[in-house]
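2 protein chains.
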Amino acid sequence: MSEKKSYHMSPEEFRRHGREVIDWIADYHENVERYPVLSPVRPGEIGDSLGTQVPDRGEPFSEILQDATERILPGITHWQSPGFHAYFPSNASGPAILGELLSAGLGVQGMLWSTSPACTEVETRVLDMLADLLGLPEAYRSTESGGGVIQDTASSGVLCALVAARERDSRLRTNRQGCDGSQVAYCSTQAHSSLEKAMGIAGLGRANLRQIPVDEHFALDAARLAAQIKADRADGLRPIFACATLGTTSSTAVDPIAAMGRICQEEGLWFHVDAAMSGTAAICPEYRHLHDGVEYADSYCFNPHKWMFTNFDCSCLWVADRTALIGALSILPEYLVNDATRSGAVFDYRDWQLPLGRRFRALKLWFVLRYYGVEGFQYHIRRHIELARRLVGWIEADRHFEMVAPTPFNLVCFRHRGSDELNERIMKELNGSGEIFLTHTKLNGRFALRLCVGQSRTEAEHVEKAWSLVVATAKRLRRRAT
Amino acid sequence: MSEKKSYHMSPEEFRRHGREVIDWIADYHENVERYPVLSPVRPGEIGDSLGTQVPDRGEPFSEILQDATERILPGITHWQSPGFHAYFPSNASGPAILGELLSAGLGVQGMLWSTSPACTEVETRVLDMLADLLGLPEAYRSTESGGGVIQDTASSGVLCALVAARERDSRLRTNRQGCDGSQVAYCSTQAHSSLEKAMGIAGLGRANLRQIPVDEHFALDAARLAAQIKADRADGLRPIFACATLGTTSSTAVDPIAAMGRICQEEGLWFHVDAAMSGTAAICPEYRHLHDGVEYADSYCFNPHKWMFTNFDCSCLWVADRTALIGALSILPEYLVNDATRSGAVFDYRDWQLPLGRRFRALKLWFVLRYYGVEGFQYHIRRHIELARRLVGWIEADRHFEMVAPTPFNLVCFRHRGSDELNERIMKELNGSGEIFLTHTKLNGRFALRLCVGQSRTEAEHVEKAWSLVVATAKRLRRRAT
Chain A
34 MSEKKSYHMS PEEFRRHGRE VIDWIADYHE NVERYPVLSP VRPGEIGDSL
84 GTQVPDRGEP FSEILQDATE RILPGITHWQ SPGFHAYFPS NASGPAILGE
134 LLSAGLGVQG MLWSTSPACT EVETRVLDML ADLLGLPEAY RSTESGGGVI
184 QDTASSGVLC ALVAARERDS RLRTNRQGCD GSQVAYCSTQ AHSSLEKAMG
234 IAGLGRANLR QIPVDEHFAL DAARLAAQIK ADRADGLRPI FACATLGTTS
284 STAVDPIAAM GRICQEEGLW FHVDAAMSGT AAICPEYRHL HDGVEYADSY
334 CFNPHKWMFT NFDCSCLWVA DRTALIGALS ILPEYLVNDA TRSGAVFDYR
384 DWQLPLGRRF RALKLWFVLR YYGVEGFQYH IRRHIELARR LVGWIEADRH
434 FEMVAPTPFN LVCFRHRGSD ELNERIMKEL NGSGEIFLTH TKLNGRFALR
484 LCVGQSRTEA EHVEKAWSLV VATAKRLRRR AT
Chain B
34 MSEKKSYHMS PEEFRRHGRE VIDWIADYHE NVERYPVLSP VRPGEIGDSL
84 GTQVPDRGEP FSEILQDATE RILPGITHWQ SPGFHAYFPS NASGPAILGE
134 LLSAGLGVQG MLWSTSPACT EVETRVLDML ADLLGLPEAY RSTESGGGVI
184 QDTASSGVLC ALVAARERDS RLRTNRQGCD GSQVAYCSTQ AHSSLEKAMG
234 IAGLGRANLR QIPVDEHFAL DAARLAAQIK ADRADGLRPI FACATLGTTS
284 STAVDPIAAM GRICQEEGLW FHVDAAMSGT AAICPEYRHL HDGVEYADSY
334 CFNPHKWMFT NFDCSCLWVA DRTALIGALS ILPEYLVNDA TRSGAVFDYR
384 DWQLPLGRRF RALKLWFVLR YYGVEGFQYH IRRHIELARR LVGWIEADRH
434 FEMVAPTPFN LVCFRHRGSD ELNERIMKEL NGSGEIFLTH TKLNGRFALR
484 LCVGQSRTEA EHVEKAWSLV VATAKRLRRR AT
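Written as structure tokens, this is what we have:
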């Protein structure tokens, strides 16, 4: 009763229910392997199990939490299961979850430095530390010409970079008057779909994105990029932006960053590097060479929410020249004017992103960096890559299977010899079993299975189990076919 | 030691530290009035107190949490303090914080229906329920032609609506070929800055946003809107979009929604309603009339993360015709192809928003709706509005002060008679006292104080205290001036 006097949850109730939710999560992570990785529910099944109206009178929290267990859990695809090998991981961790909790508890909104200085300053400092950890160029530091900012996703990051490029090219004319359809951008045929989407959103036009062919390793062909830029200029178009991918979504291919960077420098293009998942590998010195050529990049993005134990959402974007980004996105209505902004001594991160408001995401990233330390990250990155290589060995040793792309990191792309249909059937049987979840892509026009090793708690036993399931499923399907 | 064996936090450690963080938050909310509402730190002070490098070895969680208390808390501006009257509220609540926690614990990524059906279906259902609660048009229901989606902010929501309008007008030509600078959009001079920012991002050009003059209550003058549309057409331009604001940021003015809606219908413009904070009031039957005319709107947005106890971020966008939105934002690379998407029986919310990835934000909203119930919301909305009116009474009774805008909801705009400088000095003294935090705007070119009553735990005593502080500060400054 007392809890409902003001309808608010009292601090004492919050302590009690908070412990229940903490235990719920701990239980969940302890038992996550018991659930089918890919939710087997049918469309509408979860929605139909919920009420249709907001209740007139509030309900006890314990009932709500029980409903979450009974009605929501069956509709969850378990991204935190060690059997989750689909897409890219979105791995979480204890310190990240507690950082997110603390951020929700503080409930600050960091649109301006002054609306919570810590929200801005922790973010700036943490992104400087992270730039060091990844061996990124000096220019990206907040103490130099650039700086880092947390975005929700790499999609938003590349849209910001693209808009900054558009405005640098037009000297803010497009920002004032609108686009004219003459500006073109470049990436490989393997680049993430978010770039094409961003071209549409930014008014540049999806058809003005030139998707340059790739080599046999699915990496962009730099000579063809240079040729296409010249051809477009000859046609009276304005090349403004190129994106290199460090670890493509389909197969973690690595574009020739240095070669592309030199071309962009010569041609005056904004050069963006999308290292969404694979950038994390550069925490290990033996992968640091991946960043050779990043010194040419105007912007660089990677997602701690993929392979760095920081739960979604947390995508880091750095720029070499923050004035270009801020100039494209800034707006200052009277109701946001304040002395700190006027002084020019602070960053107002609303000018570094699409939305105005923002929450305190740096807190969880700061927690994760300190909790794991450099050696914690290195341990897990090396282990995931080693497990992926072990899997490659097994695939190569099995005459029924073939590799279809190199494995520079933790994503293994392979297929069963034979038809696309067989491979799709194998995938569906595996996913339907509930034991593991993996997804597919098409490489050279053929259906390929993608198995990514990056979930926080995936161990050798899980990869071994995944491979036995693949082998057994294929065997069963081959028998059925004969 | 055991906790660091795999570098991960063990479930047992998570239980222990989780309780510590829950208690930290409960203590924080119990003691929040002891802190200065507006953080008094100087630029750089928080950043300089942090380390400069990611540690080689991980650190114990207890040290990290202690640092959060000692180093972060001084840099927090306390949005959850009952003395927070600045901007618009970003109010949190127990059930919302615990919903956010559960979402972080589950760690699902809901880009597609299939990547966690519950993440999509709870959102669809909750937004249908909320549309009922607010008395929004039938068309907005997922069971009809429309549907609702959670965005991070109203800024992203209006950008999505604007891009959908752009594409409906051009029949997807701009999406493919880029903008041509001929499309124009409309709002009042009092509309939120995010619309101007969105015009720039979307390649439409900020100069192509026509800011229509307002009447004496700061509401858009519909006759001038109609005239401007005709003038633009006569100039060979293409009017595509108009935004009405239900509760402007400066003064919570309400544009003539029905009149604007009829004009947009006649002229074939996409009509968007931005009810970011004030939409919440429609939960009370006596404010339901606010939504008269919303039946003309192609899209409608309001933020539960402002005045509905659902912590940031949680902004709801509804559209009357979901195909227009999806058509503008959809893209389907091979690695996201799946049977559920192919079947057409599900929503894939990645096509309803700018980014690809998304977290399970509907969980906290579902928790809040069930925990408070209709009567809980009505109680607080009415109380906040009543407290704001009480303040208006005191202002009107004091010869030194004057009201500068109507108070339809919970935002009071007033000023001390005399110079802008005096008012700015009053505001700075008040904010520097740490007792309350309020902000300003300019109305009719004059500096006005804005005092918003919307924080979850703001009670009569806090508004009384705020007013005594205003009066005492003004008195002191008047004396000093003489």
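Chains as they are written, first to last, in my numbering: chain A, 34 to 515; chain B, 34 to 515. Heads up, the beta-carbon is just placed ideally off N, CA and C, and yes, glycines get one too. Owing to the predicted nature of the structure, the values given are computational and were not obtained by experimental measurement.
With a threshold of 8 Å between beta carbons, is residue i in contact with chain B?
i: A:Leu-452; result: According to the sequence shown, residue 452 of chain A is Ser rather than Leu. For A:Ser-452, the answer is no, since every Cβ of chain B falls outside 8 Å of its Cβ.
i: A:Phe-94; result: yes
i: A:Gly-214; result: yes
i: A:Arg-52; result: yes
i: A:Ile-459; result: no
i: A:Gly-269; result: no
i: A:Ala-314; result: no
i: A:Ile-359; result: no
Name the chain A residues that come within less than 7 Å of residue i, Cβ to Cβ?
i: B:Asp-56; result: Arg-48
i: B:Gln-86; result: Met-162, Asp-165
i: B:Leu-402; result: Val-87
i: B:Arg-90; result: Gly-406, Glu-408
Chain B partners of residue i, CB-CB under 7 Å?
i: A:Arg-392; result: Phe-345, Asp-346
i: A:Thr-186; result: Pro-388, Leu-389, Gly-390
i: A:Arg-239; result: Asn-208, Arg-209
i: A:Ile-109; result: Leu-139, Val-141, Ser-149, Ala-151
What residues from chain A crowd round residue i, counting only those whose CB sits closer than 9 Å?
i: B:Trp-112; result: Leu-139, Gly-140, Val-141, Gln-142, Thr-148, Ser-149
i: B:His-413; result: Ser-39, Tyr-40, His-41
i: B:Thr-157; result: Gly-80
i: B:Val-125; result: For the record, residue 125 of chain B in the displayed sequence is Ala; it is not Val. What B:Ala-125 touches in chain A: Ala-137, Gly-138, Leu-139, Gly-140.
For residue i, does the three-state DSSP call read helix, strand or coil?
i: B:Leu-402; result: helix
i: B:Val-87; result: coil
i: A:Met-144; result: coil
i: B:Thr-285; result: coil
i: A:Glu-535; result: No information on residue 535 of chain A is available, as it lies outside the stretch 34 to 515 that chain A covers here.
i: B:Leu-169; result: coil
i: A:Gly-326; result: coil
i: A:Cys-193; result: helix
i: A:Ser-466; result: helix
i: A:Met-161; result: Looking at the sequence provided, one finds Asp at residue 161 of chain A rather than Met. Helix, per DSSP.
i: B:Cys-317; result: coil
i: B:His-305; result: strand
i: B:Gln-216; result: strand
i: B:Gln-411; result: helix
i: A:Gln-488; result: coil
Note the first and the last residue of the continuous alpha helix (DSSP H) segment covering residue i.
i: A:Pro-44; result: 44-64
i: A:Ile-290; result: 290-300
i: A:His-495; result: 493-514
Quick check on the DSSP output: the beta strand (DSSP E) that includes residue i runs from which residue to which?
i: B:Cys-349; result: 348-352
i: B:Thr-278; result: 271-278
i: B:His-473; result: 472-476
i: B:Asp-185; result: Note, B:Asp-185: premise wrong, no beta strand (DSSP E); not H, not E.
Measuring only between beta-carbons, confirm whether residue i sits less than 8 Å from chain A.
i: B:Ser-35; result: Interpretation of B:Ser-35 is limited by its pLDDT of 39, a score under 50 that renders its predicted location unreliable; the figure taken from the coordinates is listed afterwards. Cβ-Cβ to chain A under 8 Å: no for B:Ser-35.
i: B:Tyr-405; result: yes
i: B:Glu-494; result: no
i: B:Gly-236; result: yes
i: B:Ile-364; result: yes
Give the residues of chain B in contact with residue i, contact being defined as C-beta atoms less than 8 Å apart.
i: A:Ile-418; result: Result: empty, since nearest Cβ-Cβ is about 16 Å, beyond 8 Å.
Output, in chain order, the set of chain A residues within a Cβ distance shorter than 8 Å of residue i.
i: B:Glu-367; result: Ser-283, His-473, Thr-474, Lys-475
i: B:Ser-489; result: His-41
So which residues on chain B does residue i lean against when the C-beta distance must stay under 9 Å?
i: A:Ile-296; result: The contacting residues do not exist; A:Ile-296 stays about 23 Å from chain B at best.
Assess contact between the region 100-118 of chain A and the region 188-195 of chain B, defined as three or more Cβ pairs (one per stretch) separated by less than 8 Å. Is contact present? no
Contact between the region 258-268 of chain A and the region 231-243 of chain B: three or more CB pairs below 8 Å? no
Inter-stretch contact (C-beta, 8 Å, three-pair minimum) for the region 321-333 of chain A and the region 139-157 of chain A: no
Answer yes if the region 166-177 of chain B comes into contact with the region 433-443 of chain B, meaning at least three C-beta pairs across the two stretches below 8 Å, and no otherwise. no
Any chance the region 409-424 of chain A sits against the region 382-398 of chain A, with 3 or more Cβ pairs inside 8 Å? no
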